[in-house]
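Under the numbering used here, the first residue of the sequence shown is numbered 559, with each subsequent residue one higher.
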Amino acid sequence: MESGRVAAEELSVRIFWRAWGAQQRILTSIHAEVLTEYKLRPHHHYVLRAAQETDPELVSVQTIKTQLRIKPPAASRILAYLETRLLIERALTRVDRRRIGVRLTPQGRELMERVDRSLRKACHRLLSDLAPAERETLMALLGKIQHLQPASS
């Protein structure tokens, strides 16, 4: 019985590492293909995506720093780059007039629409070798895994 448990644990670890590696390869491939075309890096895309999700409200700079796990100087450089390209604008938040937030400009919204179209096409090409039933199975399994909570030891 012990060997069965160990084999199951080993399989779980192999599944984890294979999923991790696949995720890394997919993200690297898509970022290289799509974001480079728009002269963006992954952290630029994250900021634009966060601003898009809260649009027309501001997303706080603190939220951006926390989510990207970056220090203030790095956040300033990222925001300055996006601001220079006229993709975002900084403004004081309504809740706390001492805090700064960012929002998309019209050019930023238009760019994100183009990026989203390119990402959809890239993802579709990436998964095109899977049959529709395989895609559904993959989606169901990923959804199930996404909602799992780590077991207590």
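Using N, Cα and C, we set each Cβ at its ideal position, and we do this for glycine too. On a predicted model such as this, the values are computed, not experimentally measured, just so you know.
Inset, instruction - Would you mind working out which of L696, A698, A649, E671 sits nearest E611, comparing C-alpha positions? - result: With respect to the C-alpha of E611, the residue from L696, A698, A649, E671 having the closest C-alpha is E671.
Legend entry - Distance CB(L699)-CB(R693) smaller than 8 Å: Going by C-beta atoms, L699 is not nearer than 8 Å to R693.
Legend entry - Three-pair Cβ contact test at 8 Å for the region 675 to 690 versus the region 651 to 661: Two segments are said to touch when three or more pairs of C-beta atoms, one from each, lie closer than 8 Å; by this definition the region 675 to 690 does not touch the region 651 to 661.
Inset, instruction - Excluding the 5 residues preceding and the 5 following L644 in the sequence, name in chain order all residues of the same chain whose CB lies nearer than 7 Å to its CB. - result: Taken in chain order, the residues that qualify are T663, Q665.
Inset, instruction - Specify the secondary structure class of R661 as computed by DSSP and reduced to three states. - result: DSSP places R661 in the strand class (E or B) of the three-state scheme.
Inset, instruction - Taking V617 and V660 to be in contact with their CB atoms under 8 Å, please state how far apart those CB atoms are, rounded to whole angstroms. - result: Rounded to whole angstroms, the Cβ separation of V617 and V660 is 6 Å, and the two are in contact under 8 Å.
Legend entry - Between the CA atoms of E567 and L606 - distance to the nearest angstrom: In this structure, the alpha-carbon of L606 lies about 40 Å from that of E567.
Legend entry - Alpha-carbon spacing of R576 relative to S570, whole angstroms: Whole-angstrom Cα-Cα distance: 10 Å.
Legend entry - Nearest-angstrom Cβ-Cβ length linking L650 and H602, presumed shorter than 8 Å: The C-beta separation of L650 from H602 comes to about 23 Å, leaving the pair out of contact by the 8 Å criterion.
Legend entry - Continuous alpha helix (DSSP H) stretch holding R502: start and end: Only positions 559 to 711 of the chain appear in the structure, and residue 502 is not among them; the question remains open.
Inset, instruction - Can you check the region 622 to 666 for any alpha helix (DSSP H) of at least 4 residues that lies completely inside it and give the ranges in chain order? - result: If we require 4 residues or more, the alpha helix (DSSP H) runs fully inside the region 622 to 666 come out as 630 to 642.
Legend entry - DSSP three-state assignment for S618, whether helix, strand or coil: Strand at S618.
Inset, instruction - Label L637 either buried or exposed according to how many other C-beta atoms from any shown protein chain fall within 10 Å of its C-beta, with 16 as the threshold for buried. - result: Around the C-beta of L637, 16 or more other C-beta atoms lie within 10 Å, and the residue is accordingly described as buried.
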